[in-house]
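One structure is given here, and the rest of the page talks about it.
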Amino acid sequence: MWSWKGLNMQKPVKDLVPGMEVGEDVIERDAMIIRKGTILSESLIQRLHDRGINRIAITGADDKAAEATPVMSRDEYEKKKSLIAGKFAKYRDDEQMVMLEKCMQEALEDQCYGR
Amino acid sequence: MGHRQLSTLWGIVQQIQRVSQNPRSTARDLGKIISSDIVLSTRVLRVINSAAYGFSYKIRDLDQAIVLLGHRRVVDLCTSITAIRSMMDGTAATKFDRPSFWRHSLATAEFARLLQKRVIGKEDPELFAAGLLCNIGRIILDQFLPDEFNAVMTHAAKNGTSLLDAEQEVLGATHAEIGSWAASAWKIDPTLCEAIRVHHGPIGSNQWAAVVNVAYVYAQATDAGSPGEQDLTSLATGTLSLLKLDNVRLKNLVTEMNMESSLLEPAFKAMTD
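Going line by line, the protein sequences match chains W and V. Going by the numbering used here, the first residue of the first sequence is number 1, and it counts up by one from there. Going by the numbering used here, the first residue of the second sequence is number 116, and it counts up by one from there.
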């Protein structure tokens, strides 16, 4: 269900994932729980669960994700990428460490492109 | 800080955890225990009102905090604050960087909580404590055996080995074993003692140790403080397969842990300032 201006979408709390942006203030019994514009973290989502809140408005994150706009400069990305590579350099033959490095590099790339 | 004070620390932590695990205990029961330590209760409120939690209004009392965050979160906070507060200051007899050590320990505990929830499907406050205190052996060495600990650090630097290997070579025991012995002496839950003992391996079928091991290495890889090691520590053999973590699941967890890591520094500052 899309709300005003077509920017926000009501999402069930069970479908929220870290990184989504809160589209409208979440208010319960006159108390502000989370302010509009807040980026959801695991603990904030847990807080919504704990308070029994079922749905909240989320900024049109799905559209944004599709645009894949970089949120980190190329320089910053390259710097972080080589830092990770440096840390893992001595573990080229360690299957688990190779897998962890790969996941960290992919997550960094996602962060860079706002995915 | 003496042995008795360390033992008292465990006592407080266990008392808080016991109340939280009692299904009949209420937010008020928990609030009462925490309030009996004025410094602890003030710190809890300070952390909850910090940027780490992002409340847009001020939380004024513990009952409200417990209702908002839940028992478990407040118990974990109390455990962190009590441990860090009691053991932040070193003896100056060694160059061990305790603030950086505790940053790493807090990150390990937070990541362990998230991993346990996602991988094992539940949250035990003891596992958070295992993540927070898995390296307590290093604090014991720094506090009570500074000469020996200096010898370990010198040996590691001179030979280019890890601190973990240097502990074994110089002392014949690692910080993991020393921490586990101390925890047993303080009559800590044996499951937690065992997780502390094998958090660098052999992991065997110990899921708690595996969770702590992944959290520990990830905290180190993201520069969330340092456990004292110069280089990144490797994952213990068989850790990822025991936790059934393939590429997809591990990447999702890494993304989630990245989100959590941005909240660590404000929380740590509020605990220690």
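Quick reminder that beta carbons are idealized off the backbone N, C-alpha and C, glycines included. Since the model is a prediction, treat every value here as computed from it, not as a measurement.
For residue i and chain W, any beta-carbon pair shorter than 9 Å?
i: Asp239 of chain V; result: no
i: Tyr333 of chain V; result: yes
i: Leu365 of chain V; result: yes
i: Glu371 of chain V; result: yes
i: Met374 of chain V; result: yes
i: Ser279 of chain V; result: Sequence check: residue 279 of chain V is Leu here, not Ser. With 9 Å as the cut-off, Leu279 of chain V does not count as an interface residue toward chain W.
i: Ser215 of chain V; result: no
i: Ala152 of chain V; result: A small fix is needed here, since residue 152 of chain V is Asp in this sequence, not Ala. For Asp152 of chain V, the answer is no, since every Cβ of chain W falls outside 9 Å of its Cβ.
i: Asn274 of chain V; result: no
i: Leu350 of chain V; result: yes
Can you tell me where the alpha helix (DSSP H) holding residue i begins and where it ends?
i: Ala244 of chain V; result: 240 to 248
i: Ile84 of chain W; result: 74 to 88
i: Leu145 of chain V; result: 142 to 150
i: Asp110 of chain W; result: 95 to 112
i: Pro305 of chain V; result: 305 to 312
i: Asn362 of chain V; result: 362 to 376
For a cutoff of 9 Å on Cβ pairs, would you count residue i as touching chain V?
i: Ser120 of chain W; result: An answer regarding residue 120 of chain W cannot be provided, because it is not within the stretch 1 to 115 covered by chain W.
i: Tyr113 of chain W; result: no
i: Arg47 of chain W; result: yes
i: Asp15 of chain W; result: no
i: Asp75 of chain W; result: no
i: Met97 of chain W; result: yes
i: Glu42 of chain W; result: yes
i: Ala85 of chain W; result: no
i: Met72 of chain W; result: no
i: Pro12 of chain W; result: no
i: Met118 of chain W; result: Absent from the structure is residue 118 of chain W, since the part of chain W shown begins at 1 and ends at 115.
Taking DSSP as the reference, what is the three-state secondary structure of residue i?
i: Ile318 of chain V; result: coil
i: Ala57 of chain W; result: strand
i: Glu24 of chain W; result: coil
i: Ala65 of chain W; result: Legend: pLDDT at Ala65 of chain W = 42, less than 50; position of this residue unreliable, no value from coordinates given.
i: Val128 of chain V; result: helix
i: Pro381 of chain V; result: helix
i: Lys11 of chain W; result: strand
Spatial neighbours of residue i within its chain, please: CB distance less than 8 Å, with the 5 preceding and 5 following residues excluded, ordered by chain position.
i: Ser150 of chain V; result: Ser156, Leu177
i: Thr306 of chain V; result: Glu241, Trp323
In terms of residue numbering, what span does the beta strand (DSSP E) encompassing residue i cover?
i: Glu344 of chain V; result: Careful: Glu344 of chain V lies outside any beta strand (DSSP E) and carries neither H nor E.
What does a CB cutoff of less than 6 Å around residue i pick up in its chain, not counting 5 residues either side in sequence?
i: Ala324 of chain V; result: Ala310, Val313, His314, Ile318
i: Arg161 of chain V; result: Ala385
i: Gly353 of chain V; result: Ile318
What does a CB cutoff of less than 7 Å around residue i pick up in its chain, not counting 5 residues either side in sequence?
i: Asp304 of chain V; result: Glu241
i: Arg55 of chain W; result: Gln10, Lys11, Pro12, Val13
Curious, which full-length beta strand (DSSP E) runs of at least 3 residues does the region 250 to 294 of chain V contain?
none
Contained alpha helix (DSSP H) runs [length at least 4] in the region 161 to 230 of chain V, N- to C-terminal order
177 to 184, 186 to 202, 213 to 230
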